[in-house]
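Visitor: In numbering that gives the first Met the number 0, the protein residues as written are 0 to 306.
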Amino acid sequence: MTEENEKNVENSSSAKTVKFEELFPQITLFDISIDTGLQDNEGNILPRPYTKSQMRKWLKKVKWENHKAEKRAREKKRAKERRRKAQAANIDIGPSRKALKKMKEKHKKHGGIIIDLSFGHLMIEKDRFKVIKQILRCYSINRRSEQPLHFHITSFGEKSRNDMSRHNGYENWDIAFHEQPYLEVFPKEKLVYLTSESENIIESFDDDTYYIIGGLVDHNQYKGVCHNISVEQGIRHGRLPLDKYINMKTRKVLTIDHVFEIMLKISEGLTWQETLIRVLPVRKGAHICNASNSNLSLDSENAVNSI
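(1) Between E69 and Q146, is the Cβ-Cβ spacing less than 7 Å?
(2) Go ahead and label T274 buried or exposed: buried means 16 or more other beta carbons lie within 10 angstroms of its beta carbon, across all protein chains shown.
(3) Exposed or buried, which one is W172 when buried takes at least 16 other CB atoms within 10 Å?
(4) Please list, in chain order, all residues of the same chain as L263 whose beta carbon is under 7 Å from its beta carbon, the five residues on each side excluded.
(5) Bridge partners of A88, per DSSP?
(6) Give the DSSP bridge partners of A311, in chain order.
(7) In whole angstroms, what is the alpha-carbon distance linking I212 and R165?
(8) For E350 and C137, what's the separation of their Cα atoms in angstroms?
(9) Apply the 10 Å Cβ neighbour rule to D205 and answer buried if 16 or more other Cβ atoms are within range, or exposed otherwise.
(10) How many angstroms separate the CA atom of A285 from the CA atom of G237?
(11) With distances taken from CA atoms, which of V130, E231 and N199 is nearest M163?
(12) Assign K75 to buried or exposed, taking buried as 16 or more other Cβ atoms, counted over all protein chains shown, within 10 Å of its Cβ.
(13) Less than 7 Å between the C-beta atoms of T208 and P180, yes or no?
(14) Could you work out which residue in G223, I234, R277 and K132 is closest to I255 when comparing CA atoms only?
(15) Take the Cβ of K158 as the centre, count every other Cβ of all protein chains shown within 10 Å, and call the residue buried at 16 or more, exposed below.
(16) Excluding the 5 residues flanking K189 on each side, which residues of the same chain have their C-beta closer than 8 Å to its C-beta?
(17) What number of angstroms, rounded off, separates the C-alpha of L279 from the C-alpha of Y169?
(18) Does the separation of the CB atoms of R235 and V191 fall below 7 Å?
(19) Counting C-beta neighbours from all protein chains within 10 Å, is the total for G223 16 or more, i.e. buried, or is it exposed?
(20) If you check the beta carbons only, do H151 and I113 fall under 7 Å apart?
(21) Would you list the residues sitting across from L135 in a DSSP beta bridge?
(22) Using DSSP with H/G/I as helix, E/B as strand and the rest coil, what is H218?
(23) Just reading off the alpha helix (DSSP H) that R160 is part of, what are its end residues?
(24) Take the Cβ of T50 as the centre, count every other Cβ of all protein chains shown within 10 Å, and call the residue buried at 16 or more, exposed below.
(25) Tell me the DSSP bridge mates of G237?
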């Protein structure tokens, strides 16, 4: 190979390397501007040096934090461009998010739903993230409703705030975040804790009552914890009438977002039959009473003691 060919091959190889690095930038210990660190389940900072597994986990968190603002800026730019193109093409894309929020605020009823996040100490990080994911879905379906419910989150402490901070701009969502527990925010006589162990069946929801959903993904490890808390605190408790509309072989437990969506649709005027058919996922072993062709089931893995 001639000297000229060797230089061409070397330049071509260098160009490919540069292009690859541009498309897939690699993050190292020397490229970070934000160090989120690693914490255990109690929120204690883990000491360095990390194990190889911990290092990968830490770098993943650091990469997320360093690129979160850029990602959000790109999303805003794309949304703005879509709106501009729609206006140029004379396409009605409806009111802006801010206008929609203001419009729907007028239709909200008194009372609402509270998600109790006081169970962080009972969950590992993976399950806490599942709770946050379900809260995101609750926010999404509530925002799209014609009759949204007042949405509150209580016991929103440092650990919950750190978990939620992965979602940029959550502070501007149509959710009321409270650091205090619900008893310090709402009158006790207006609270009802939803729990599957309750003997009280709730067929309809009062406009001036706040219904509490336990923010717990427990995999059936803490059965009855929400019921015990409501009894100890002297709070009213109740459960959804699933036995009346659902036949199941397994324990009737729902995820946070399923409970939220059921309450939202019942408040919108749908019947229990229609609501359960629309909301509950199709699974083996459960079906709507007197409807043999409607096999529906509940999520038993992400069990929430709040129905």
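Glycine included, each C-beta is placed from N, C-alpha and C at the ideal position.
Please read all numbers here as calculations on a predicted model, not as lab measurements.
Guide: So, to answer that:
(1) no
(2) buried
(3) buried
(4) I140, N141, S144 and L148
(5) A88 pairs with nothing; no bridge assigned.
(6) Residue coverage of the chain in this structure runs from 0 to 306, which leaves residue 311 outside it and unanswerable.
(7) 23 Å
(8) Shown here, the chain extends from 0 to 306; a query on residue 350 therefore has no answer.
(9) exposed
(10) Unreliable positioning characterises A285 in this predicted model, as indicated by a pLDDT of 49, which lies under 50. The coordinate reading is nonetheless provided below. The alpha-carbon atoms of A285 and G237 are separated by roughly 22 Å.
(11) V130
(12) exposed
(13) Between T208 and P180, the CB-CB gap reaches or exceeds 7 Å.
(14) The residue among G223, I234, R277 and K132 with its C-alpha nearest the C-alpha of I255 is K132.
(15) Label assigned to K158: buried.
(16) G110, D207, T208 and Y209
(17) Going by C-alpha positions, L279 is about 27 Å away from Y169.
(18) yes
(19) exposed
(20) yes
(21) None, per the DSSP bridge assignment.
(22) coil
(23) E157 to M163 is the span of the alpha helix (DSSP H), which, as asked, contains R160.
(24) Residue environment analysis places T50 among the exposed positions, since fewer than 16 neighbouring C-beta atoms fall within 10 angstroms of its C-beta.
(25) L193
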